[in-house]
Amino acid sequence: MKWALRILVVLTAILIAATAFLFVPNAQLAIPINWILPKDWKVQLPQGLHLNWQGSSVSQFQLSYQDCPLISADKTDLTWIKQNHLFVEQLDIDYSCLSLFPQSENSDTDTSLKALLAVIPDGEATIHSLNWKNLPANFNPRIIHLLEQQAALKLSLSNGEIKATLAQQAVNFSAFFANGKLNADLAYRPSEKEQHKLTLSAEIEDNFLTLPPALSAEYHWQLPDEVITTKALQTGHSTLNWQKNAEDQLAGNWVVSLNKAENDKLDFPFLFDGKSLEIKQGRFDWSLTERFPLHGFVSAKFTPQSFTNEPFFPLKTAIRISLLSQNSWGKGNIVISNSEGEMTEQGLNLPLRLTGNIKHGNFILYSSIPLDFQGNYDDLTLKFLPTSLLRLTGKERYLTIDDLRFPLAGIKIDKQGIHGRLHAILRGQSPDFKNIEFHLDGQAQNFKAGALDFFQDPRDPKAVKDSWKWRIWGSSKLDALNSKVTLSGRGQWHKNTVQLNELKGDLSSIRLDGITIPKTELTNSQAIKFNIKKFSLDGAIQLKSPEINFDYGGLLPKPQAKLAFNGELENLNFKGTVNTTELGPLRLFARRQLTADASKIIGKLYWLEQSAQGFQPLFPFRSQWIINSGTIRGETAFTTSAEKGLIAGGHLAIRNGGLSLPDGEIKGIEFALPYRYRDGRFHFGVKQPIDVNIAQIKLGELELDNASMKINGYYPYTKAKPLNLNQLSFDLFGGKLNVKRFALPQTELAYLNLERLDFEKILQFMQYQQIDLKGKANATLPFWLSGKPCYICDGLLTQAETSYLTFTPELLSEMQKSGYTEQILLHLVDKSTINDFRSLINVGPKGDLVLDGKLKLSSNQNQSKVNLNYNHRENMFDLWHLINYGSQFEQKLENYLYQKLEK
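The structure is reproduced here in structure tokens:
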């Protein structure tokens, strides 16, 4: 404003001087004009001044300040016949010359509007083409484009009333001043989608360079997407008004409202007394920032050294901001205060304090932080003073934060980042972990905390860049395994990656669905990296345990798992192997799915065909049942979660398996076992029964060949969920043994069917050498496996074909010593044909056999016929022990040798 007034005074002086020197030759007119001009000002009139009775004209005119051509005019005409009228065809203003004006001025001298209007004659002034030159490159491109467009300006003065209009391609301006009141309208419309309109009304005092005692201004805008993409900000209006009060202060209000967001508003009442600008309980409601809407009050006072005279700085500040917030936990309020701040031309010094809490979204942020904010504007520093503490509670994605603490005393933040000891303490819960308590503690150097575009790199190329190196330690409870986890390690945060370089941990004893795992060691086999932008994790860990114990008695010795993982935290992928000292590798592929309420692991476990001896430790009686041959392969799909436990399904295939038993052996085991596992129970043969084939089962001297059966059902079994063994069949004593239907637990009689068993082989097995019996027998034996009420209940033994009975010479010789009756019976029965044989068989709960038989025999070429009733009692357990005594010794010795080899 002052430079424009200065130019106006100079132009008025030129006009007066030109009138005074009308009779000076044209070529020399500029010389006397320059005599009366202020220092550093100069006029150039290359073609002089042309006069006639109607007026005067100047072809070219130039006004310079310190030899800089400030104003250049072409074709300037001044007429005064009817009224004074000044017309300029083209007027160019060189912006660069304005920078030469003195920067420090004293404004104590009043500038009188009446005095100024008294020396300016009434009339009109028209500038056909007003242009700006040498605009600064650092100007906003939109302002440069606007000023580069030529404008037409028209001014008029009549009886103290001033009218002004300015027209340009995108701008229309009009103003009217009369009786101390100014009304102005400005419209700027660079395109159809963008419009600006300003309306102003003010009272102007005689000293018009002072602020008007009353002012009312209203601004409306409409902006396109190219200028601002936020829809709510594209249309709105702002008002500014003030009025001088009784204390000679300007009391006013500044309001900003948005057309599409009626609740978003700035409302700042203020007072200005010429020395200080004070905001009185201003209100702001700004919800456009979705992550953190701003609501609250602000009170502030700004006191420069001088508002009117140089210097303006230092500027004293006093600020109090109350930031309001609200969520499901209630209302929050945090106060940001500064009582003795100072701003200078070079920098600032603002002691700040943050006190209170913020309740937003799923969080509550508690703060009690004294701060020191100071430095040059290009190198500001924020220092956290003693007692600074930041606390946070709430929920982030699937992590419930019970308490997150940041002791901040001694931390410094500058344009290179964060410096000092950075410490964090976390207590919380997640779907995977309960009772989380972890500490991070380390040194930050130029640490950017992921804000890579906000902070700068240090100038020293040798300086540490963006680093927070820390130690971590703490514990938690792994919910799915009901196990306490203790961890410690070292890592760092650089750029967008949080990296755990070293990790050591222990899992306490795990008890889950019939499985017990003692203390497990955990280490990382490669760095574990977390990307804060992608929220992804990748790395590898190794787990080791002394053994895995199963409730039924089996175990896996020294299990070891190596797992690599990658992906987003909610969908983490695992890949690795599982080994024991004798089993493996088993290949593992899994995916962890995390929801707000639970964590689930879904995966598959594969093992290629390998020696079945690796599964030896899984036998509960390891010292007695020894795997001595065969191969095994299989795969399992599984899911595990804290809510449903372990759920699995797959198949197991065994080829040519062999077992050594304490009193026998099993050879040629072949089967494919599909299964499901849930709630601690296996389900076999879900779609169809499983075919099991065994080449031979040898129990002492008893040999069972070509065994086969179909299995389906559950293990462990119950009455509601039995284990079914159907179509059991094998070769025995030259015949067949089969059981059509049998279930565990046994709730009804099962039937053991014997078909065409060879009497000779039975006697040979029983080591009964006194008779020679040839023929075959059938039997149906109802039985209870538990022996309650009996092992065999009313079984029936019959012959399948005609049988032949002959006594050995040894028996005949002994019978000669018997009585007469016995000799007659022996004579009749010897070398007889058994035409019919039936016997009831019962075996009691203590193993007592009762055989009640009836035989029809014929001898001497069918001339003698005998009906014989036969009754026999014997304890089957004692008989079995007697028969197998020698064989058991041999088989136990073989089993013992297998044990030694297996070890």
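For what it's worth, this note's numbering labels the leading residue of the sequence shown as 4, then goes sequentially.
Where is the CB? At the ideal position from N, CA and C, for every residue including glycine.
For clarity, every value in this text was computed on a predicted model and none was experimentally measured.
Residue burial annotation: Phe366 is buried, with at least 16 other C-beta atoms found within 10 angstroms of its C-beta. Gln419 is classed as buried because its beta carbon has at least 16 other beta carbons within 10 Å across all chains shown. In this structure, the beta-carbon distance from Asn659 to Thr634 falls below 8 Å. Exclusion of the five residues before and after Gly431 leaves Leu402, Thr403, Ile404, Asp405, Asp406, Leu407 and Ile439 as the residues of its chain whose Cβ lies within less than 8 Å of its Cβ. Burial is judged here by how many other beta carbons sit within 10 angstroms of a residue's own beta carbon; Asn379 has fewer than 16 and is exposed. Contact between Lys670 and Ile693 does not hold, since their C-beta atoms are separated by about 19 Å, which reaches or exceeds 8 Å. Taking 4 residues as the minimum length, the segment 515-548 contains no alpha helix (DSSP H) run wholly inside it.
Note on Val689: under 16 other CB atoms within 10 angstroms of its CB, so exposed under the neighbour-count rule. Secondary structure remark: continuous beta strand (DSSP E) runs of at least 3 residues inside the segment 781-856, in chain order: 795-802, 806-810 and 835-846.
The three-state secondary structure of Phe316, taken from DSSP, is coil. In the structure shown, the three-state DSSP call for Leu455 is coil. For Ala723, the number of other beta carbons within 10 angstroms of its own is below 16, and it is reported as exposed. Secondary structure in the segment 421-478: the beta strand (DSSP E) runs of 3 residues or longer, each lying completely within the stretch, are 436-450 in chain order. The beta carbon of Gln773 sits closer than 8 Å to the beta carbons of Phe810, Thr811, Glu813 and Leu814 from its chain, once the five residues preceding and following it are set aside; these are given in chain order. In the DSSP assignment, Cys71 forms a beta bridge with Tyr68. The beta carbon of Asn872 lies closer than 6 Å to those of Lys857 in the same chain, with the five residues before and after it left out. Take the alpha-carbon of Glu221 and the one of Asp251: they are about 24 Å apart.
If you draw a straight line from the Cα of Glu343 to the Cα of Leu353, it comes to about 7 Å.
Rounded to the nearest whole angstrom, the CA to CA distance from Ile84 to Gln57 is 6 Å. Between Ala651 and Tyr680, the C-beta spacing is below 8 Å. Between Ala753 and Asn727, the gap from beta carbon to beta carbon reaches 8 Å or more.
Glu763 sits in a helix when the DSSP states are folded into three classes. Non-local beta-carbon contacts of Asn729 in its own chain, meaning distances under 6 Å to residues more than five positions away in sequence, involve Lys713 and Arg744 in chain order. Rounded to the nearest whole angstrom, the CA to CA distance from Gly661 to Leu540 is 46 Å.
When DSSP states are grouped into helix, strand and coil, Gln619 belongs to the helix group.
Nearest neighbour of Thr783 by Cα position, chosen from Met769, Asp775 and Lys739, turns out to be Lys739. In terms of Cβ geometry, Lys701 and Phe736 do not form a close pair [threshold 8 Å]. Taking every protein chain shown into account, the CB of Trp38 has fewer than 16 other CB atoms within 10 angstroms, so this residue is exposed. Per DSSP, the unbroken beta strand (DSSP E) holding Glu399 starts and ends at Leu392 to Glu399. Membership of Leu120 in the alpha helix (DSSP H) is indicated by the continuous run Leu116 to Val122.
If you look at Ala181, you'll find it in the beta strand (DSSP E) that goes Val174 to Ala181. Between the segment 260-279 and the segment 304-319, the count of Cβ pairs shorter than 8 Å is three or higher; the stretches touch. Closest option to Phe305, judged by alpha-carbon separation, among Lys283, Lys184, Ser177 and Pro296: Lys283. Exposure of Phe538 is indicated by the presence of fewer than 16 other C-beta atoms within 10 angstroms of its C-beta.
Residue pairing for Asn186: DSSP places it in a beta bridge opposite Phe179 and Ser204. Ranking Gly847, Asp456, Gln613 and Ser789 by CA distance to the CA of Gln749 puts Ser789 first.
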